[in-house]
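Engineer:
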Amino acid sequence: MKKGISILLMLCLVLTVFPVAFGAVAGQYYYTDIVTYLNGVEIDAINIGGETLISAEDMQYYSFHVRWLPAERELRVDSIPHAENGKPPAVEKNTGVAGTVRGDYYETDIVTYLDGTPIIAYNVGGRTYMHAEEMRKYGYIVDWSPEKWTLSIESPDRAGYVYDIPMSFGKAKMEEGKGAAKVTYRNGERIGKGDADYFDLSMHTDAKGYYSFRMAFYQNKGLFYSTKLQEKLRPLASSGYGVEVPCDPAEKYEQVNQLVTISVNGQEAKQVAVERGAGNGHQDYYFTVYDLPRYKENEIDVITFSVGEAAGETYEIKQPVVDPFLVEMAVEKLKKNPLDFMKSYYTTDEYFLIYMRESRSLGEVVDRLYLVERLTGDVSEELLQQVKTEEGFNLDILHPFAFSADENSGKIFFSCQGTEKTADFYVDVNTKTVHKRS
């Protein structure tokens, strides 16, 4: 299989990104015996000039949001965490000999975007086909197997490259900090030094492999008592809140490196852009790292983040036991399949009502609803089975919504969407049963 982009493909890139007259034959596409997989499931693919292209419209069934914008002449394809649009369509097997002409493809003025960036795409019989191998540049894992004669494409989040790691949690303060801090995350444990508990700190990764650290100072925590620390950070920002003259982040790399040290698995960053933000009762700094290797979450051993030279004893940073943390633990308990996920949850003083989507295979989902006791973690039987006994509600997708509670009566209310109507229900938390509201 050819590597790189042929002159033909470069020409087609120009035709795709810049509007041209629609309808002229641009070339021919061919039968192929290569089997192409997207997120583990086979997808319709064609061959042009020795390169593989996949059906952009079909990607809506493979954990993507696909939008056609007729006024703009744009096709927008964006990766999303979960596939919910049904089972991917069966791929029609080739009846021709691999390498022989299958048909023509056409010039088009439609611009196709993958995750917000233009990508090579062609018009084939009124359908759009996207360049598969080009998806590597967008952070996707694209593996060619000459032994199996397969091309496998995996979204960055499904491959384990998109994740968040909480690193520090600010505490209420009554005295000014020292103006320096260090946070070390090592195999799930967090160690602080200096002013590490004057702010919230978390690391995030994106599809392209960049690391971003969010440092947030909240009102009644470190915001009012972190003057020295923020005075040091403020001049490092190249854009954002309070920056009168924005500049290229590269102009401040050296200045940032003199004060801020960021390392992942022992490798220290040297290209760090700083952006400043603010909201109601908080001030934020965003540190985006451009020059560190890409790691999956399970490959992260140690992360360090420091501002200045922190003095004093080290201390353990404990993650607060808050609702999202408790819900996350409950969700892991409720998962039956690797693709299962939570849609939403509702909380009372004593219970969580957790709305799950069970997914046995890509794109196929069934709604589930569970009552979880906050204190013990005990889980009820699946509650929507009782809703399905009502006429018109024996559906896989019921979209439970509008949650509310009357804790005095021990009832949690919700609504569901049936085939022709919406109905209201409630959970009796004492009996763990569901009843239709009259």
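Residues 1 to 438 in our numbering are what the sequence shown spells out, letter by letter.
Cβ atoms here follow ideal geometry from the backbone N, Cα and C, with glycine treated the same way.
#1: In chain order, what residues of the same chain lie with their CB nearer than 8 Å to the CB of residue 390, ignoring the 5 residues before and after it?
#2: Which ranges would you report for the beta strand (DSSP E) in the stretch 245-330 if only whole runs of at least 3 residues count?
#3: So, with DSSP's three-state summary, where would you put residue 21?
#4: Output the distance between the C-alpha atoms of residue 47 and residue 53, rounded to the nearest integer angstrom.
#5: Alpha carbon to alpha carbon, what distance is there between residue 405 and residue 38?
#6: Counting C-beta neighbours from all protein chains within 10 Å, is the total for residue 416 16 or more, i.e. buried, or is it exposed?
#7: Please state whether DSSP places residue 227 in a helix, a strand or coil.
#8: Looking at the unbroken alpha helix (DSSP H) that takes in residue 219, where does it start and where does it end?
#9: According to DSSP, residue 401 sits in a beta bridge with which residue or residues?
#10: For residue 21, which residues in the same chain have their Cβ closer than 6 Å to its Cβ, ignoring the five residues on either side in sequence?
#11: Would you give the residue range spanned by the beta strand (DSSP E) that residue 384 belongs to?
#12: Taking the CB atoms as reference points, tell me whether residue 334 and residue 356 lie closer together than 7 Å.
#13: Do the stretch 206-216 and the stretch 285-305 meet, that is, are 3 or more Cβ pairs less than 8 Å apart?
#14: Which whole-angstrom value describes the C-beta separation of residue 202 and residue 167, a residue pair presumed to lie in contact below a C-beta threshold of 8 Å?
#15: How would you label residue 397, buried or exposed, when you count the other beta carbons within 10 angstroms and need 16 or more for buried?
#16: By DSSP, does residue 134 sit in helix, in strand, or in coil?
#17: Does the structure place the stretch 298-316 close enough to the stretch 184-193 that three or more beta carbon pairs sit under 8 Å?
#18: Say whether the stretch 225-242 touches the stretch 274-282, bearing in mind that this needs 3 or more beta-carbon pairs closer than 8 Å, one atom from each stretch.
#19: Whole angstroms is fine: what's the gap from residue 155's alpha carbon to residue 117's?
#20: Which of the three DSSP states is assigned to residue 4 in this structure?
#21: If residue 229 sits next to residue 200, beta carbons under 8 Å apart, how far is it from one beta carbon to the other, in whole angstroms?
#22: DSSP on residue 356, reduced to helix/strand/coil?
#23: DSSP three-state label for residue 140, please.
#24: Nearest-angstrom Cα distance between residue 438 and residue 387?
#25: Is residue 67 helix, strand or coil when you go by DSSP?
#26: Give the C-beta separation of residue 132 and residue 56 to the nearest angstrom, bearing in mind that I take them to be a contact with Cβ-Cβ under 8 Å.
#27: Helix, strand or coil for residue 118, going by three-state DSSP, please let me know.
#28: Rounded to the nearest angstrom, how far is the Cβ of residue 103 from that of residue 29, given a contact under 8 Å?
#29: Could you tell me which of 309, 234, 409 sits nearest to residue 192, measuring between CA atoms?
#30: Helix, strand or coil, according to DSSP, for residue 201 in the structure here?
#31: Please classify residue 232: does DSSP put it in a helix, a strand, or coil?
#32: Do you know whose CA, among 412, 165, 124, lies nearest residue 345's CA?
#33: According to the neighbour-count rule (16 or more other Cβ atoms, all chains shown, within 10 Å of its Cβ), is residue 322 buried or exposed?
#34: Contact defined as beta carbons within less than 8 Å: I believe residue 119 pairs with residue 113. What is the distance between those atoms, to the nearest angstrom?
#35: Select from 123, 363, 148, 222 the residue whose C-alpha is nearest the C-alpha of residue 282.
#36: Can you tell me which of the three DSSP states residue 431 falls into?
Structural biologist: Straight from the coordinates:
#1: Its chain contains 418, 423, 436 as the residues whose beta carbon lies nearer than 8 Å to that of residue 390, once the 5 sequence neighbours on both sides are disregarded; these appear in chain order.
#2: DSSP runs (the beta strand (DSSP E)) wholly in the stretch 245-330: 260-264, 272-279, 282-289, 302-307, 314-316.
#3: Residue confidence is low: residue 21 scores 39 on pLDDT, short of 50, so the model does not pin down where it sits. No coordinate-derived value is stated.
#4: Distance between the alpha carbons of residue 47 and residue 53: 6 Å.
#5: Their backbone Cα atoms lie some 42 Å apart in a straight line.
#6: The residue in question, residue 416, is buried, as its Cβ has 16 or more Cβ neighbours within 10 Å.
#7: Of the three classes helix, strand and coil, the one that applies to residue 227 here is helix, per DSSP.
#8: Careful: residue 219 lies outside any alpha helix (DSSP H) and carries neither H nor E.
#9: Its beta-bridge partners are 415.
#10: Low confidence applies to residue 21: its pLDDT is 39, below 50, so where it sits in the model is not reliable enough to give any reading.
#11: Element bounds for residue 384: not the beta strand (DSSP E) but the alpha helix (DSSP H), 384-387.
#12: Yes, Cβ-Cβ distance for residue 334 and residue 356 is below 7 Å.
#13: Contact holds: three or more Cβ-Cβ distances are below 8 Å.
#14: Sure, about 6 Å apart at Cβ, within 8 Å.
#15: With fewer than 16 Cβ atoms within 10 Å of its Cβ, residue 397 is classed as exposed.
#16: Three-state result, residue 134: helix.
#17: Under the 8 Å Cβ criterion, the stretch 184-193 counts as touching the stretch 298-316, having at least three qualifying pairs.
#18: Under the Cβ criterion (8 Å, minimum of three pairs), the stretch 225-242 counts as touching the stretch 274-282.
#19: The alpha-carbon atoms of residue 155 and residue 117 are separated by roughly 15 Å.
#20: The predicted position of residue 4 is uncertain, since its pLDDT is 40 and thus under 50; a value taken from the coordinates is nonetheless stated next. Coil.
#21: Not really, about 13 Å apart at Cβ, beyond 8 Å.
#22: Three-state result, residue 356: strand.
#23: If DSSP states are grouped into helix, strand and coil, residue 140 belongs with coil.
#24: Distance between the alpha carbons of residue 438 and residue 387: 14 Å.
#25: Residue 67: strand per DSSP, three-state reduction.
#26: For a cut-off of 8 Å, the C-beta gap from residue 132 to residue 56 is around 11 Å, too long to register as a contact.
#27: Shown here, residue 118 sits in a strand according to DSSP, grouped into three states.
#28: Contact flag correct, Cβ pair sits at about 6 Å.
#29: Between residue 192 and the set 309, 234, 409, the nearest pair of CA atoms involves 309.
#30: In the three-state reduction of the DSSP assignment, residue 201 falls in the strand class, which pools E and B.
#31: Shown here, residue 232 sits in a helix according to DSSP, grouped into three states.
#32: Comparing Cα-Cα distances from residue 345 to each of 412, 165, 124, the minimum goes to 412.
#33: So residue 322 counts as exposed.
#34: Taking 8 Å as the upper bound for CB-CB distance, residue 119 and residue 113 are in contact here, some 7 Å apart.
#35: Comparing Cα positions, the closest option is 222.
#36: The answer is coil: DSSP assigns residue 431 none of H, G, I, E or B.
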